[in-house]
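Report on the structure given below.
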Amino acid sequence: MKRKRILYCSIGLLFCGFITTLFTYNSHSIASNVSLISIFLGTAGSILSLFIPTQFEKIIHENDWKNVSGDLTYIIQYREHGIKTPKATFFLKTDLGYTAVEIDFSFEKNDVIAKVGRRCTGKIIVH
């Protein structure tokens with residue numbers, strides 16, 4: 000959440016810089032052209048970064064686990080979570096909420112493969 004606030008502030012400042020540059024723009028000046036293009040690209044890049052995922056969360060129910068070669072396995076494919084070089088954390092559902100627990104994770108072609116010893120409900124956060 001803090002990251003998004005900072006990003007929104009930087010987009011606002013870049014936009015203000017872009018508007019200010021428009022008022023002082025001189026089409027015959029190379030410096031003015033470079034300044035306008037740079038601020039425009041910075042603003043556009045910051046806006047686009049709002050849509051790039053930094054974290055993916057998936058709730059997994061007891062029946063979602065599949066028996067693969069004797070292991071209870073759940074796979075989150077890269078096309079679903081969209082994070083290159085993922086890391087993952089598993090949180091077990093308890094009466095009080097979620098508790099982080101260690102489970103076996105492996106990563107193949109950026110797919111996240113989770114393995115547990117018994118069926119359980121929880122959530123995986125891919126980051």
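Using numbering that gives the first Met the number 0, the letters of the sequence shown map in sequence onto residues 0 to 126. Where a beta carbon is used, it is the ideal one built from N, C-alpha and C, also for glycine.
- Closest in alpha carbon position to R118, among E79, H80, I46, E61, is E61.
- Here the region 95–105 does not lie against the region 45–60, with fewer than 3 beta-carbon pairs under 8 Å apart.
- Secondary structure note for I10: its alpha helix (DSSP H) is the uninterrupted segment 1–22.
- Between the alpha carbons of V111 and L35 lies a distance of about 42 Å.
- For E107, the secondary structure class from DSSP, reduced to helix, strand or coil, is strand.
- The Cβ atoms of I74 and P52 lie no closer than 7 Å to each other.
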